[in-house]
Each structure stands twice: as C-alpha cells, then as structure tokens.
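First comes the structure, then the notes that go with it.
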Amino acid sequence: MTEPKKDIVESPEQAASTGTLAARLSLSQRAGGVAVPVATVMLAFLIGGLVVLATGHNPLDAYHDIFDGAGLNWIFHPTTSTQTTAAYNLSQTLLQSATLILTGLAVAFAFRCGMFNIGGQGQYFVGLIVANWLGVSFSGMSPLPHILIAIIGATLAGAAWAGIAGVLKATTGAHEVISTIMLNYIALYTATWLFGDGGPLQNSTQPTVPVSNPIASSAQLPVIWGTIGFQGLDIGFLIAIAALVVFWALINRTTLGYEVRAVGFNPEAAAYGGINVKKNLVRAMAISGAFAGLAGAIDMLGYLYQYGSLDVAVSQVGFIGIAVALLGRNTALGVFLGSLIFGGLIYGTTQGLSSNVIQPELATNLTYIIQGLVVLFIGADILILYVWNSRKRLRRQSPPQAPAKAAVY
Amino acid sequence: MSDELVLEMRGIRKEFPGVVANDDVSLDVRPGEVHALLGENGAGKSTLMNILYGLYKPDAGEIRIKGKPVSFGSASDAIQAGIGMVHQHFMLIPVMTVAENVVLGTEPVRDRVLLDETAAERRVADMAKTFKFAVDPGALVQDIGVGQQQRVEIMKALYRNADILILDEPTAVLTPQEALDLFEILRTLRHEGVSIVFITHKLGEVLEIADRITVLRRGKTIETVSREGATEQSLARAMVGRDVLLRVEKPPAEVGDILLEVEDLWVSDDRGIEKVRGVSLEVRSGEIVGIAGVDGNGQTELIEALTGLRRAERGVTRVGGRELHHASTREVLDAGLGHIPEDRQRRGLVLEFSLAENVALHDYGRPPDSKWGWLFPKRLIERARRLIEEFDVRGGGPLTPAGALSGGNQQKIVAAREISRDPRALIAAQPTRGLDVGAIEYLHRRLVTERDEGRAILLVSLELDEILSLSDRILVLYEGEIVGKHSGAASEEQIGFEMVGLKNEAPAA
Amino acid sequence: MSTWSQRLDNPVSDRLRDPASTGYLAIGLGAFAAFLAIPPIEARSPTWPIAVGIVAIALGIWTATRGRRRLGWGAVVGGLLGIGLGILATKSGTSNLELVFDTTLLAQTFGFATPLVFGAIAGMFSERSGVVNIGLEGMMLMGAFWGVYGADKGGSWVVGLLVGMASGGLLALVYAYFAIHLRADQIVGGTAVNFLAYGITGYFFQQFYNGQITGQVSTVPNLHIPGLGNFLEGSIGDLSWLTWASFALVIVAYVVLFKTPIGLRIRACGEHPRAADTVGINVYAIRYACVILSGLLVAVGGVYLSLGPQGNGTFINNMTNGRGFIALAAMIFGNWRPAGAFAAALLFGFSSALALKLQVYSSQASTLFAVLPYVLTLVAVAGVIGRTVAPAADGKPYAKQ
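This is the structure we're talking about:
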C-alpha cells in the first residue's frame, strides 16, 4: 500500500513501529526538550504522593522530609563544613549521585548503541569485588599506584562482565536483556558467597560476620568535602564528573562514537558504510560495563571500604541507573541531572530521613515506585505525545511548509 | 441508471497531514467488468481503495454498493458488503497453511470450541478446483511461490463471497508469465459475475485486461474511458499531464576500459540456497549495463557480494583491474566502487543522522573527517554543504536529520555521497523506487552524465522500462544465471521471455 | 527451517537420517552418561559414563559435520559434561549420592518448576499475540505478596489465590495499556513494571505487616495420593494442587492455542497483525486479553511461592528473585510452544532442586550452587540447542491506520 505522503518519520508513533530503540529515544529527545523530563518527574512524584496519601501519610510533609534528608535545604544556609546536618546530608547525596552518574552512563552508552544494559547491577558488583580484592592486597603500596591499580582493575572487570553479554549477542544473537539479567544474579550470588561465611574474600578477623576485609588505607580515595572517617565526599565525585565529559567526547567527537550511534540507529546502513556491527556491539557493551565497574571502584575505595553479603542483597544502584539514563535521555548532561534527582531521593529516603511522617522502609519503596513510574512514562513517551500533539495543532494553523517542486504528489 | 452500477464512489475526499490524497474523486464500476484504476505513485489509487475496504474513513463523499449507500467502519464491514481486497504486500501468514490463511477470521468449528481443520481444507480444495487454482490447502504459505500466494489471497476474498474484488498492483511481484495466468483467472472471475477493480501504473496491462479505465492524477479523477480508443500515449498523457518521454534521450556511449568485472561468481543466501550461479559480467568505462530480472532471481545477492556485504562462495571480482578477494565493504569502497543501494532508508542512510553525518558514512574514519579517532564536525558540515548545493538537495541543510527530507531528496543525498567519492564504477540498485517523476528524471539524467564522465555504471532494476531507457547493454538474470545479453535495440518481448526463463522460444524480434 | 507439522509428515526413515534427530539423540546420550552414575543405577566404575559419553561426542561430531553445527557442538559439550559429571559421581560416596538423588528430588523438581511453568505459559500467550512481556517477574511478585494478603484478610487460600491473580492481572492491564495503546517500547515498559512491582510490594509489605508476616496464613494444600509404590509416592504422591494445576495448564494451553479458532487468531496477531486486521480480527482486543491473561497466570505462580509448600504463608521482599526471567527463558527455550516450555521449566526446576540438594556436600558452597539455574538460562538463551523462532511480529507495536 503506497501511502501518498513523504516518507518522513512523522511522529513518535511511527518511529515506534519502524525505528530502533535508539532512534525512538533520540526522537523523543529532540521533540520534547527539557520540558518532558521535568514533567515526567513531576508526574511520577505526584502519583507517588497519591500512594502516600492513600496509605494515611501526608505526602507534602513526606516530600519535605525527603528534601531535607537529601540535604537540599543546604542551599538555604550554605556552609563549607559538614558539621551541620544539611551540609552532611548534601555531601551524602552527592556521594550517592556520583555512583548513579556512572551506572547511568553505563545504561546510556549501551542505549546509544541500541542495546538495553540491565546488567549494571552485576557489573557494579564485579567492580566492587575486584576493587575490594585489589584494595586489600598490595597494602604496602603508595597511594597513587594502589588507587590506580584498583580503579583500573575494577573498570576492566566491569567491562569484561558486560562484554560477556555483548559477545553472546554478537555471536549467537542472545538478547542482552535476558543475558545481562542472568549475569546480574550470577554476580550477586558470587559476591554473596565471596563475602559470606567461609567465602574466600571474607574478613579474617570476624569469622561469623559475612563481611569482607576493609581495604588498605593506601587505597582509600582522598576526601574533598567532609572528614575521611565520617564518609566525606571523596574525589570519586570528581571522577564521576570526568566520566561525564569522557562520555560526551566519546559519543560526539570520536569515530568510535560515530560508529556506536550509527549501529544504534540503523545497523544495516552502518554495515553498508563499512562499520563492523558485531565489533561495535561488543565494544559498546564493554564500555558500558566499564562505567558500571568504575562505579563499584569509587564506592569501594571512596567510602564503603568493605562490603558484606547483606549489602549485596539490598543494593539497587544499577537499576536506578536505568531510570537515570532514560530520564536523562542518554545524554551526559541529562544523566548528571537525573543522578542528582535520584541521588537525593535515595539518600533522602533512607539515612537522611527523620522518620516522623513516614518510615524509611516505606520511603525507600516509594523511591522504587517513583523510579518505576519514571521509566514507564518515558518508555511510553506519553508526555512527548502530549507535547507533540500540541505542537502539531499550532503548526496546522500556520501555512504548510512549501514543498520543493520535486516533492509534489 | 445507478441500479446498473455495482459500485459508486462520489466526491471522495481524504486528507493526511500535509497532503490531500483524494480530492473529489469519483469511480463507477459496472457488474461483471474489469475496471482499471490507473495512476502514478502517489496519485491516490491505494488511498481510494483503502477507503473502499474500510481501512480509512473518507473526510467527505459517498459510497454506494448496488445502489445502497454504505459507510464502513472497518474491514469487516466492507467484507460483509461483499468487497474483497488483494493487497500489494500480501496479508498472508507465512508459517500457517493455505487453508488456515483462507479461513482466518471465519473459521469452521466442530464440537463448539475446536477448530475444524479438515473442513477448512476441504472447502479450500473445492474452491481451488472450481476456479482452477493449483494450490495445495495443506501447504505452508512460506513454501509456495509468489504466484500461488497471490491466488491464496484471491481465495480469501472469494471465501467471503466477494462480489467486488480489488487488486492492488497485482503484477508487481509476478513474472510476465504469471501475470498472463492471473489475467486468465480474472477473465474467469469476470465470467462468474465478479466485478474487479485493478489498481496499476502499468499501461501495457491496462490495455490487455481492462474493460474501462479511470485515471487518477495528484488525487483527482482525470478521466474515465473505455478500452476501445485508448492508447498508451493517451493514457500516459492523462496520467502525467504532459507528453511523456517514454525513453531518456542520451548520446551514444563512448566505451573504454573494463572497470568492473566479475568472473564465475557463486553466491548463496542465508539459508544456503545458491542464488547467484556462475555469473560473469563486465562493465566498461562510459557505459551503463542494466540487469533485468524479476525480483528474487539473485539480484540482491549479486549486489551484496559485489559490495562486500556478503561472502561469495566462488568467483573473482575486479574493480579497476584490481582483484578483490573476500573483501569487506570498506575495502570494496576504497577500491573505487560506489553503490546507490536499493533501500535508501534501510541501507543508504541513517535517518536520525544529519545530512553531514550521512555524507560521511564511508569516510568518517580517515582524514580530513577525523584523525586518530577524533572527529572534526566542521569539516563534515562543509563537505555536506557543497554537495547539497551541487545536487540541489532541498528540504534542509547539513544539520537537518536525513529523515526530514522527502524520498527524492534522500536519494539525491545518497547519490551525492557516492558520486562525490569519485568511484570508478557505480552500482545503482533500484535507484528510483518510490520517487516521483521529477526526482526520477533528475536521477536518470545524472546517471547518464556520470556515464559520460567515464564511470562504469551497473544498473539493477525491477522496472524494465528503466532498464530499457537507460542501458547501453542489457543482461537478463534468471535464477542466478545470465540468460540473455542484448545491446543496441533490444526486443522487450525477448527480454520478457528471458526473464521468465524461456530462451529462444519466441521468434527473433 | 522445518516446522513440527512438517516433521510429523515426513516418514520415520527420513527422520532417522536427519542430522537433527541424531543431534538430539547425542544430547540425550550425554545426559544418560551422567545418569548412569547416580542412583538408582549407581554404576561405580567410571568406564560406563565414559563409554556412553564417547558415543555421544561421536554422534555430536557427526551431526556437526552434517550441517547442524550448533546442535552438534552442543552434543559434544553434553557428552563431555556427561563424562565429567559421571566420573565425579563415581568418585563421590554412595551415601552422599543417595542423599542427593532420592525420589524427593523429582518432587522438588516439580515444585521448583511450578512457578516457572505458570510464567512460561503466561509469557507464551502474551508473546504469541505479539507482545513481549518482560514484566512477568513483577507480576509474579505481585501475586506472591497480594496472595498472602488475600489469604490473611480473607481467611482462606482461595481468596488469596483470587486476590493474587487479580493483582497480577491489574499490573498486566497497566502494562498492556502502555505497550499496546501507547505503543511504548515493550522492554523498557516491562522493566518499569518490574520496578513498580518491587516498590509496591515492598511498600505495602512494610505498611501492612511491618516487614514480617506473623501468624498463620491459610496455605494451598497438597494433593495426597496414597498407595502408589515407593518411587511414585516419593515423587508425585504429595504435590501441591497448584503443581497439578500447572500440568493441566500445559495441556489446556496447547489445545487452546493450536486447536481452537481463537488460538489461530492469537497466533495470527503475533505473526502478522496487519493480515489479521484485514480479515476483521480485532488485534488490540486480542493482545489486551492475552497480556492480561499472562498477568493472571504468572501471578498464580507467585501465589505458589508464598502460599505453597515452599513459602508456607510467608513473604519476603523480592521473593521471586528472577524466576520471572527464568520462566521467559523457558518459554524461549521451548520455542514458544507449551510442551517445550514445560520441558524447559522442568529442566530449570531440576537445576534448582539439585542446587538445594548439593548442599549436602558443602553448605558454604551452596550459595554458589544457586547460580546453576541462571547459568543454564544463559546457555539456553545463547541458543546452544538449535535456533528458536519467535512469532514474527513479537515485540513490534501495531499501528492501525
């Protein structure tokens, strides 16, 4: 059936039925601008607030407490020391955001190549494990090489873990969603075993506690805001910011980024252009995993210092990275902003919360509900459709673009 | 008067964003006639029929079936009213049997819940016998030929007691012989009282089979004539609105060295079936060699092997005298081969990339576009700007996403990219598919210009007219082998026979 | 690519010569090689598994050279594994072996497989109609929690089952709206649904029960079949009603999908929705119905987790722990057919049951054994055994014009 219209992708709906995932996400980005992510977040918060209200708590107070818990009230009374609660909370929020920047970049990079890396959580664990192991060993080393070795090792480990899924996809066509999810669980159980009772990485002083050894002081990252013993904000935050720049440069200014984007948008055209599609699939997954492994490194070396089986069970940073990436439209700036929002949410609903209005466990789950709503709305572009339709209405009133004479039908 | 008509469409109007597809269109069909709906791509024929079949709702206008006004909300309504449609892209499910496809939606039932497969097969077998279709009801659709698949589509309509059968470009996928078989079937159906609306853009067919012809152009009804008195020229004039040059005017070729050569090439497809079987050909500087053939005879695999997208099992390829051995696409392009792919949106362009990024698709990895892996966007933009100007690409600038351009302009950018790399040999695969007349004319003229610049051009097209009008020499590809070579004045009939596999059976032209 | 119906049409002699049959036979022999060393046969000499394994490897190589490469190499790997495991088993003490390989292993296999069967069949209906349902994990989790809630507040496991199913169906409805109506990307949407389920169940678990179910909740009873003889008694004599329901579901699903008109239409929607549309089938309605059905069915699997013999009326956060995804893998492994999905689910269930039993060897390493089902899934998804063919229009939103 030949349709008598220009073969343009007229709308997100059409992109949905014809285009790749990367194409669709990028179309949404161009169509909606900043308004859409903001509106999405607000809508998600609104619905979350309704849930809170329905279960008998005051949502406004709850959100206010979360806001304070995240330390965002620091902007009203800025100080440089972290003695005040607000300042301390903010430093913790930034600490959390640093991790999310990296797990978000991991997801974003893979999305650019048209792949859905849900395995950030597993790659993060692998990074944690290797960073811990390297940080515990080599205790006599001077700080700079020790830190570098641990960071590089963890990053490579994350890259390798994701690379498995990439290779499977390139060689057997196995969908990366299922394989990365399976790798998540394999990493999770491996980590639980490693740090658990009788596990090889379990600490040597308390044999009944399923926790690892703490890393040597030479492997700890220096702190830029706060005190090192009290979980100050460490240079991992700066490393995360640097990673944002690296991401941007890779995607937009290198031939690697060109290839990754081409494969993400249209693998057939990319192949025709001489690009090796399979190599890029593996490469993109590996780089994606590298970001997540790096997240594990800066967490372990920055403030965790040791990790236990129980921590493994509750960590969600890899998954929140998905929401961060989608909210941020897979761009560097977007991921940065998205990580701040979710970083604030996560910290603000747990340690920061003074549980008058709402218990921390409830608040934590509220975060997950909001996260689910954000991903859901973005996946559906509903706000895009809304914005798009209102733009179309405006456009119809103005004269139609004069088609070139060759395009008249 | 209107009681005589089985179908009447009056004043139909249908608008899509940015274009009026049908503008006050009217159509009458008498009972037991074959009525051709003739027009170019985009004239509005398919839209009109989709409205008739209930897939679209008209913005204005009236439809009457046997005198009674009707309004269809869905395909089911149209089916109920006795309208059946055979789409250009078959609506068949490959992994299901013929019988299952025919009865889908109105399945025979036994024991109240179970599907009665034997009854379905029996009914289909009966119908096939009545109308003399040779189709096995238990065969899987993916295993039968295209001509047979089309018959399954027709059976679907007849199974639902269609009085009016709409056929959308039915011969687009058939060999000339299968087309003749189809016309026989249509005559049988007409004899049985079925009215047929036959959508096409091919003049020859219309004169062969139609009783009356309605011509659409740019969404409007131009005229309705009966077959007596209509000629190819008069119909063409009505379709296009001016006298059409059915052949491109071109100076004779000045032929030089061999720039593209293939020796004993064997290529298999994904399923391991040999699609190119021992093809040898050569294209010299300054000539256009056209490969004629029905879709599916190995053209795609041949091009894929030549451009490095698929590995040949056997055979030698030479570009500019240089032998290429299991070369990758990049190596082939570097050796001096250019390729205007047959599916510009899938193969030729990344629609989400800007024009500048698309122009760089082959050369992004080397200077001046990049160095040591670092890209220089400004240089890409500059080059794109020059090409846009030279090739008169409209609809955007270097930073416009390629998807925002019309088909013709997209094809121009693809051609611009390929030609600007100064290839020695150029492969043009279906270069004007889906384009309007203006874009087709431009591309045809451009190909001749490039030929005269000394390039070797290999043209692969399913449109025999295009091959005939552009080529200096014509090769016919049938089932993976070159079965005919023609130069100078080529007999269209002879080529048509060769395309079907009949060699030397027609008297010499 | 031949279909099952074609295979059935070919005469037996053709099939025997077909390399695919030899390939499957070789894989079977590989498994048998290991099987020789475990109870009840419990051969103690390693020569038996080695001999059978070598035959398997040889047949595998033959298959690979006859064109079925993946299947052939899979068989070779299977043969090697069979030899390796068989030798390991002969080295292990017989008492340990008998502890692991007793009749309850079979019963536990069925038990672990039950939620996977519900999930795989659920996923199959959804995907056969053309909608990918990654959100099975979340819908199963909803069933697990709200099942307990319903049994608790309603006083009976029947209420729990209904409430659990309803919760799965409701989440499926939300997902269906986004995937079908709004044509959202289905994998992103499914992932979102999983997050939502995780958050919702965690939230209300905290809200209503403060993180712990105290007190007795009505659980789903087992079906006792007395007087069956030792082997059968141990393996199927005491299975949950829901497990038997899962067996029945496989048969019903087969009949519905392949022997009824509605099944034909569902499959048409998944293969070529536009073709279905043009003959008047309401693609949207069928897809909605199938997605909601998948939510209802997989939630039963969730209810089994919490109210069945393994859960006994408790709930813990993230109880499903990836079973929804394993069920999806079972569906893929089974080529979107009920019998295949059932076989795959049994295989995965077996690996979980085995992992549990293997604790006899080392309780520390038991955590590691827990990865067995996930590794198997990875292998399955990589398509070691043959190529799978999804419904052609699976995962592509349909736009009616």
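Protein chains in written order, with my numbering: chain W, 4 to 412; chain L, -2 to 506; chain F, 345 to 745.
No residue lacks a Cβ here, since even glycine has one placed at the ideal position from N, Cα and C.
Boundaries of the beta strand (DSSP E) harbouring L/W263: 255 to 265, taken from the DSSP string. The Cβ atoms of W/A328 and F/A528 do not sit closer than 8 angstroms to each other.
Residue-level contact check: L/L2 does not touch chain F, since none of the beta carbons of chain F fall below 8 angstroms from its beta carbon. Within chain L, not a single residue places a beta-carbon under 9 angstroms from that of W/R332; the smallest gap is close to 13 angstroms.
Of the candidates F/W406, F/G645, F/Q452, F/F379, the residue whose Cα lies closest to the Cα of F/K701 is F/Q452. Using beta-carbon distances, L/E104 counts as an interface residue toward chain F, with a partner under 8 angstroms. Counting only runs that start and end inside the segment 80 to 128 of chain L, the alpha helix (DSSP H) elements of at least 4 residues fall at 95 to 100, 114 to 128. In the DSSP secondary-structure assignment, L/A57 is bridged to L/R10.
Remark: C-beta atoms of F/F456 and F/C634 do not approach each other more closely than 8 angstroms. The alpha helix (DSSP H) runs lying completely inside the segment 670 to 702 of chain F and spanning 4 residues or more are 682 to 701, given in chain order.
Just measuring C-alpha positions, the residue of L/E220, L/L34, L/V445 sitting nearest L/A250 is L/V445.
Excluding sequence positions up to five before and after L/V390, its CB lies within less than 8 angstroms of the CB of L352, L384, L402, N406, K409, I410, A413, all in the same chain and listed in chain order. Measuring C-alpha to C-alpha distances from F/V564 to each of F/I394, F/V644, F/I371 identifies F/V644 as the nearest. Listed along the chain, the chain F residues whose CB falls inside 8 angstroms of the CB of L/S71 are G624. Per the Cβ contact rule, the segment 213 to 231 of chain W is not in contact with the segment 512 to 520 of chain F (fewer than 3 Cβ pairs under 8 angstroms). DSSP places L/P66 in the strand class (E or B) of the three-state scheme. In the three-state scheme derived from DSSP, where H, G and I count as helix and E and B as strand, W/P270 is classed as helix. Residues of the segment 361 to 381 of chain L whose Cβ lies closer than 7 angstroms to any Cβ of chain W, in chain order: Y361, G362, S367, G370, W371, L372. Here W/G324 has L103, T106, G107, A109, V110, G123 as same chain residues with Cβ atoms under 7 angstroms from its own Cβ, once five neighbours each way along the sequence are excluded.
For L/E478, the enclosing beta strand (DSSP E) covers residues 478 to 484. Residue state for L/K409 is assigned as helix, using DSSP reduced to three classes.
Proximity of chain W to F/T535 at the Cβ level (cut-off 7 angstroms) is accounted for by I121, I325, V378, in chain order. Short of 8 angstroms from the beta carbon of W/V266, and not among the five residues preceding or following it, lie these beta carbons of its own chain, in chain order: C116, G117, A273, I278, V280, N283, L284, A287. At a cut-off of 8 angstroms between beta-carbon atoms, W/L24 makes contact with chain F. Under a criterion of Cβ atoms nearer than 9 angstroms, no residue of chain L is adjacent to F/D496; the nearest Cβ is some 38 angstroms distant.
By the criterion of a C-beta distance shorter than 6 angstroms, L/E104 is surrounded in its chain by L112, once the five residues flanking it on both sides are discounted. The bridge partners DSSP lists for F/V599 come to none. Going by C-alpha positions, F/P390 is about 9 angstroms away from F/L432.
With fewer than 16 other CB atoms across the displayed protein chains lying within 10 angstroms of its CB, L/S484 is exposed.
Nearest CB-CB separation between W/S220 and chain F: not below the 8 angstroms threshold. Apart from sequence neighbours up to five positions away, no residue of its chain approaches W/N368 with a beta-carbon distance below 6 angstroms.
W/L131 and W/G299 have their C-alpha atoms roughly 4 angstroms apart. A distance below 7 angstroms between beta-carbons, with the five flanking residues on each side excluded, links F/M509 to the following residues of its chain, in chain order: G487, L640, A643, V644. Excluding the 5 residues flanking it on each side, W/N206 has same chain C-beta neighbours closer than 8 angstroms at V212, V214, S215, N216, P217, Q309, in chain order. The C-beta of L/L461 comes no closer than 8 angstroms to any C-beta of chain W. For a Cβ distance threshold of 7 angstroms, nothing in chain F lies close to W/S100: the least Cβ distance comes to about 19 angstroms.
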